[in-house]
Every structure is written in C-alpha cells, then in structure tokens.
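Numbering (the numbering used here), first residue to last: 813 to 1516.
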C-alpha cells in the first residue's frame, strides 16, 4: 500500500496504474459493434411496428377493470391494462389479484360478482378455450405481436426457414424463399411486468395450436382427454403378424450411402445468385438415386403387385452394397434398438417396446436374406430421392459429417447412433397432435409418413440442420473435441431443442353469477410451446419442470419456441441471437444502459441477421460445393472486407443494402406516455454514447 501526499508515492501509483492498464488491455477491450459500420448504426435500426389498434372491446375491458380496482381500493389500473389482457385470469402475486381473491369470499363478493357478470371483455372465457374458439387478443401490443408471428402464417412452420436454402423451398415455406419473406425471425420480448410473459406464452401458443388443429379437424376441443385420444401416426405397431411402421423406420434410418453419395448441396445447380428450384434439385437427386438403385433392382421380380417394403428396404440394401461391413456391424448390434430410441419407446409401453424391437429386427432379417422383395414401386426413385434430400435420419447424419467429414470406421458407428437418436426425436416432434393435424391439413390424403417426408423436403431440413450444427459447434466450443465427442455433444443439444416438451401455465377460470353475485375461481392449465416465457414451467404431463437453460437453448435453435418473453432477468449476460434479430420492448426501461443491455442479447457473434446477409451475398458462390458452406461463406466475407473494417466484419456486423437488420420494436399505445418516453430515452442514449465517442448518427441528429 502506498500513501498519497508526496511526489514519490504519486509517481509509484502512476507506474502501478500504467502497468495494470497494459496488462488488462491484453485481455479486455470495449470494441463497439456500432462503430463497425459507416453510419455508426452497426446493424441496429428502430423499426416501425405499424399502427397499434386499440379496439372497442379493449376499452370496455379497461373500464370494467377500473371499476374492479376502485371497488377493491387498489388504485389506478391503467398501467396494468396497457401491459396485458385478461389480467384477473393470469395474474399471480399482484396486489390487485390478492385483493380480488380475498374479496370474492368477503362482504364485497356480491358486488364483485355483479360487476364481473357485465365485464365479458375483461375475462378469458374457458368455454371458448375448450371449443378452440378464436380469442381476441384484448390488448393492442399483443394484437401487434400476434400479427407479426402467428397471423403471418408462422403456425404452419415447425422450424425457422434456413438462411441458406439449398433450393427454393415449397409448401408452407415457399413464401419465405423470396427476398421479402427472408425477414422472418424469432422475437425476444422484454417486459417489466411478470404477468406479460405468462400471457404471451399462453395466448400465442393457444392461437397457433388452434389454427393447426382446425386446419384438419372440424370441431376440435382443448381438453387433455381429447389430446390424448389424437393418434400418434408415426408408430411401430404389430398387428396380426404385420409390422405397420417399417416405412417410418425408413425415415429414421441414417443411411451412409444416401448421406455420402447424394448430397443436395453438391448436386445443387448454382447460378451464382439464387438457389435452384426444388424440381431441378429433386430431378438431379433422383437421377443419382436411380443410378445407385439400378444394380439392386436388377434382380427384383418385375411382375406382380408392387411391394411397399422397398421404401424402407432400399436404403438398407444400398448400404449393404456400398458399405457391407459397416452396414452389418451397425444393424447387428444387440443394443441398437435401445440406443436408437434412447429408452423413449412409446412412453415405456411394453407393447410399443416389443413393436419397436420387431421393426429393428426386420431390418436385420432383410440383411440376412430372410425377406424376399417383390416388384419395386414405380415411384421408388422419387420417394428415395426425397429421403436423400431431407429424410430426418439421412439429414442428421449428413449434418454431423459436415463438421467431421472423415470419421474413422471405429467412430462411424457412434456418429450413426447420434444421427439415429436425432431422427427419433424428430419422430416425437411430428407426433405432436397439433403438428400432425397441421401437416395432414396441407396435402392430399396419403400416408402420414410420406406427408412428413414431403414437409421436410419443402422446409429444406438439410440446410436447416447444417446451419444449426455450424452454430452449435461454435457456441458449445467443440473445436478441439474428438469426432465422437463432438457428435455426441451436438446430438444431445439438437435432441434437447427438438424434443423440448410442451409446458403448461396456470390460468384461473373466473365465473360470475350476476343475479346472485356468486363468483367462482377454478385453476386451469394452458399449453405453451409456440411461445414461451423465460423461466421454469411444468411440462404438459407434469412429469418434470423445464428449466430456464432448456428454454434458452430451444429458443437458440431453429425450432419452437418462436417467441420468448422475459422480464429483466433475461437482459444481461445471456445470448439469444442465433435465430433472433428482433427485440420487442414491451415496456421501455428506465435508462439507456438497460436498453443497450436488452438489444445486446441479439447483436452477437454470427447472429441470425449476420448469417442471412452473408448467405444473401455469398450463397450463390458456395452452392454446388462441398464441406461446411458456412465456413466457406465467412471466409469469403473476411476476404472481401475492407482494411478499415476490422475483425468485427463479417462475424458481428454484416451490413447489406435491403438486408436483415437488428430490429428494435417499441409497440407504444397511441397517445400514451410511452411515445414521449421513447423520444426521451433515445436522447439519453445519444448522450450516453457520446461519452465514449460512439453515438449512432440517427440518434445524434435527433438529439441535436
């Protein structure tokens, strides 16, 4: 310790200070993302959320809530009303809800009952929920969020469209293959009210589920019993000596031949600017598949009835022809069935386990020559081409081999184990009742396994998994891991994201008898998966609680949830950027530091907006190549950057005229104080950034 007050002590402290600064500068730096672009905006822009519609019912709901608040002497309810709808149904530990729960049992119960009986817009109707009726958002902000997500058609999407499609997507993904459709991204919502994430998760998920089920069922109902009655169509049943799930097993089979010999990336005809059409790529893949199939079909019976067994048998026979030792070694393992399913066979059902074992054994019997195949179906080449393009088993294996292109024979079995387990998790995803209904409602009647395969093709599943594996490998820090360890860690993360279980959030069903003044309050549960709140929730079957980390990892994947709502707990030290470049400030923070903390969650290394712009600029250069296309595109970005750009380009900042941006959304209710607060906060932010010489031009000009 040195004492101040003399020149020697001050000089010594100066040397110590300088030494510390030199040491710390080797490890710590404040590098500004915004300064990496000429306009000092980085990739950030304040987006126009469009007009927020306050409907008549919203105002009626406020009037009714205000009357309840006055009756309970809890003060003004305006801020509550602006934050969320159906507050008495969703509130937990709020003074208004506590006073209400006590009041309905006390002397004010009769008056509360009379008020509630005439306040239909303020309460959530559980009868409407049970009938899957449309529920009005009841709130201008929620209405805008629903418009940008569920109402935009996102309920038809099981995963985010890829940033680099290998061909122009089809089906429900077709509109996202065009430039104007590439703006789709997940949304991260920040609110200062704890009730808001709960409302967003419940009502957006309900609306997505409602649309999915009603696209196929005429009169669905929301009860748990009805959900359990809906069939899981990708099953492994055995009836009257017949195995009914063999085509499903064909989807899950990680075929080495199809993964290595029929890569859609290498077969994509590049034109230097945009991906080819699906028909062009499918034709190229089918030609390659037909060449591979020719020797196998040569000895098949050319007469008689078509044998559907070819759909699952052909990938196995191709592996036997091209990799005989590997094919037999993997399929003949005694623990294969358990490893493949990971102990998750028909929820532990004994009959389901037996069926699964019999199906796996049927593949072994094929290799042993115990099954005689008849005439191949006329569309075998087409079905197998689709499986090669985007079958879950093949796509998972190919994606894992992108980052480990030459696994040794000793490790290949374990890599295939991981791919098989990932494919099994996709089976669980496609067996969700709402997903099943949505996919069945898209196409003409045909076996569900074929509808699933077509959906995977239309959604560019191979491109989706390749991008996800690239992102995961870096986020998990797997560069120095062995091939098998890398595959295991990647597979575990993919399975956790794809297999995130549907959770439930609590909601109170409130009923009121206007004549007698009786009020009833029954606890209910609403399912949530399309949108979630950042926190712990009970799974749908009550078997386990989801943790915040699980929710974050699922949000950081291309799969559901598409909306994540959180309070300030999610605004510091957490990354939410891999598939999100829109942050919604449901409520504005009190200071510019918190605003930057929130937006910094999605302005990160290799973020979604960065990858979109990179793919838009360099995608045509890597289509038709091999290996990891993302490594190649980032290398091209480094090669083309200007000397003054620095290392932030293209990894943190990749600006493209008309391309994706980090979007700040502030859904302020018209004429509310948030409109004025936003301008004040932007002025404060300009001053705050001027302190260290990095103001955004837009905010600085506004301030001046």
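Positions of the beta carbon are idealized from the N, C-alpha and C atoms, including for glycine. These numbers come from a predicted model, not from an experiment.
Note that the C-beta distance between residue 1324 and residue 876 is not below 7 Å.
Taking 4 residues as the shortest admissible run, the region 1310-1389 contains the following complete alpha helix (DSSP H) segments, listed from N- to C-terminal end: 1360-1367. CA-to-CA, the gap between residue 1473 and residue 1485 works out to about 27 Å. For residue 1339, same chain residues with a beta-carbon under 7 Å away, outside a window of 5 residues either side, are 1017, 1021, 1314, 1316, 1352 in chain order. By the neighbour-count criterion, in which a residue is buried when 16 or more other Cβ atoms sit within 10 angstroms of its Cβ, residue 1291 is exposed.
Secondary-structure assignment with DSSP links residue 1396 through a beta bridge to 1001, 1477. In the three-state reduction of the DSSP assignment, residue 971 falls in the strand class, which pools E and B. Taking residue 971 as the centre and dropping the five residues before and after it, the same chain places the C-beta of 1271, 1276, 1370, 1371 closer than 7 Å to its C-beta, in chain order. With respect to residue 1234, residue 1306 sits close: the two C-beta atoms are nearer than 7 Å. Per the coordinates, the alpha-carbon of residue 1380 lies some 10 Å from the alpha-carbon of residue 1001. Note that the C-beta distance between residue 1078 and residue 1134 is not below 7 Å.
Taking the C-beta atoms as reference points, residue 1321 is found nearer than 7 Å to residue 1334. Note that the C-beta distance between residue 1003 and residue 1464 is not below 7 Å. Each residue's CA atom was taken as its position, placing residue 1143 and residue 1453 some 49 Å apart. Nearest C-alpha to residue 1176 among 1289, 885, 1125: 1125. Distance from the CA atom of residue 1210 to the CA atom of residue 1075, rounded to whole angstroms, is 8 Å.
Cβ contact annotation for residue 1080 (same chain, cutoff 7 Å, sequence separation greater than five): 978, 979, 1087, 1088, 1093, 1435, 1436, in chain order.
Contact annotation: residue 1043 and residue 944 have beta-carbon atoms that are not nearer than 7 Å. For the 7 Å CB-CB criterion, residue 1227 and residue 1149 do not form a contact.
DSSP, reduced to helix, strand and coil, places residue 1065 outside both helices and strands of the structure shown, so it counts as coil.
Around residue 866, the same chain offers 952 as residues with beta carbons nearer than 6 Å, after the five sequence neighbours per side are excluded. Straight-line measurement puts the Cα of residue 995 at about 32 Å from the Cα of residue 869.
DSSP lists no bridge partner for residue 1096. Cβ neighbours of residue 1386 within its own chain (closer than 8 Å, five residues either side excluded): 1364, 1413.
With 16 or more neighbouring CB atoms inside 10 Å of its own CB, residue 1410 falls in the buried class.
In this structure, DSSP gives residue 922 a helical state, which the three-state scheme calls helix. Residue pairing from DSSP places residue 1088 in a beta bridge opposite 979.
Restricted to the region 1402-1431, the alpha helix (DSSP H) segments that are unbroken, complete and at least 4 residues in length are 1404-1412, listed in chain order. Contact annotation: residue 1097 and residue 1197 have beta-carbon atoms nearer than 7 Å. Residue burial is scored here from C-beta neighbours: residue 960 has at least 16 other C-beta atoms within 10 angstroms and is therefore classed as buried. Annotation for residue 1246: 1021, 1024, 1025 place their beta carbon closer than 7 Å to its own, counting only its chain and skipping 5 residues before and after. Here residue 1496 has 1404 as same chain residues with Cβ atoms under 6 Å from its own Cβ, once five neighbours each way along the sequence are excluded. By the C-beta density criterion, residue 1230 is buried, having at least 16 other C-beta atoms within 10 angstroms. Residue pairing of residue 1118 in beta bridges, as defined by DSSP: 1187. In terms of Cα proximity to residue 1444, the closest of 1090, 1282, 1330 is 1282. Boundaries of the alpha helix (DSSP H) around residue 1212: 1204-1215.
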